[in-house]
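Before any comments, here is the structure.
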Amino acid sequence: EVFDALMERERLGSTALGKGVAIPHARLPDLDRASIAIIKMDKGIDFDAPDGRPVDVLVALVVPDEANEEHLRILASLAELASDDDFLARFRARQGNAALYDLLRQYLGPPSGGAVQEPPAPVAATGHPAG
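Here is the structure:
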């Protein structure tokens, strides 16, 4: 269901922002909170980006269907990060889930009131799209 919703949104137009970043996103009826999955790839993939650059950082966002404001707030925060060259360089240089999570918290703020919350399970950041 998550994959199908993300693909449906992508069919409306590419969610690639440029600089090697894409933020596919969707709203789902049965979610109780927003979730983000980050995939950091060793080799970029074509994502029809406005700058033509292959995407090597994929940030998938799903939010509850009724969470319009939260959806837009999180998207805005992620888009701001995607335009920050310093953040992107530091993100691409980081290795390991904990280091990536800590960097996101530095930029987005603490879990209480920030866009990044403590994950209920280990966060997966991988060099391969399939995990």
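Residue numbers for the sequence shown follow our numbering, beginning at 18 and rising by one.
Quick reminder that beta carbons are idealized off the backbone N, C-alpha and C, glycines included.
Where residue i and residue j are concerned, what is the direct C-alpha to C-alpha distance, given to the nearest angstrom?
{"i": "Leu-98", "j": "Phe-20", "result": "24 angstroms"}
{"i": "Asp-63", "j": "Pro-71", "result": "5 angstroms"}
{"i": "Ala-22", "j": "Arg-107", "result": "30 angstroms"}
{"i": "Arg-50", "j": "His-88", "result": "10 angstroms"}
{"i": "Val-76", "j": "Ser-52", "result": "10 angstroms"}
{"i": "Ser-100", "j": "Arg-26", "result": "21 angstroms"}
{"i": "Gly-148", "j": "Leu-117", "result": "Legend: pLDDT at Gly-148 = 44, less than 50; position of this residue unreliable, value from coordinates given subsequently. Their backbone Cα atoms lie some 16 angstroms apart in a straight line."}
{"i": "Gly-113", "j": "Arg-28", "result": "32 angstroms"}
Cα-Cα, which of the options is closest to residue i?
{"i": "Thr-196", "options": "Gly-113, Leu-78 and Gly-126", "result": "Because the chain spans 18 through 148 in this model, residue 196 falls outside it and cannot be assessed."}
{"i": "Ile-55", "options": "His-42, Leu-29 and Arg-26", "result": "His-42"}
Spatial neighbours of residue i within its chain, please: C-beta separation below 8 angstroms, excluding the five flanking residues on both sides.
{"i": "Gly-61", "result": "Gly-37, Arg-70, Pro-71, Val-72 and Asp-73"}
Ordered along the chain, which non-local residues of its own chain (more than five positions away) have a Cβ less than 6 angstroms from that of residue i?
{"i": "Phe-104", "result": "Leu-98 and Tyr-124"}
Starting from residue i and walking both ways along the alpha helix (DSSP H), at which residues does that stretch end?
{"i": "Leu-120", "result": "114-125"}
Roughly how far, in whole angstroms, is the beta-carbon of residue i from the beta-carbon of residue j, given that I think they are within contact range, below 8 angstroms?
{"i": "Leu-48", "j": "Ile-40", "result": "17 angstroms between Cβ atoms; not a contact."}
What first and last residue would you give for the beta strand (DSSP E) that runs through residue i?
{"i": "Asp-73", "result": "72-81"}
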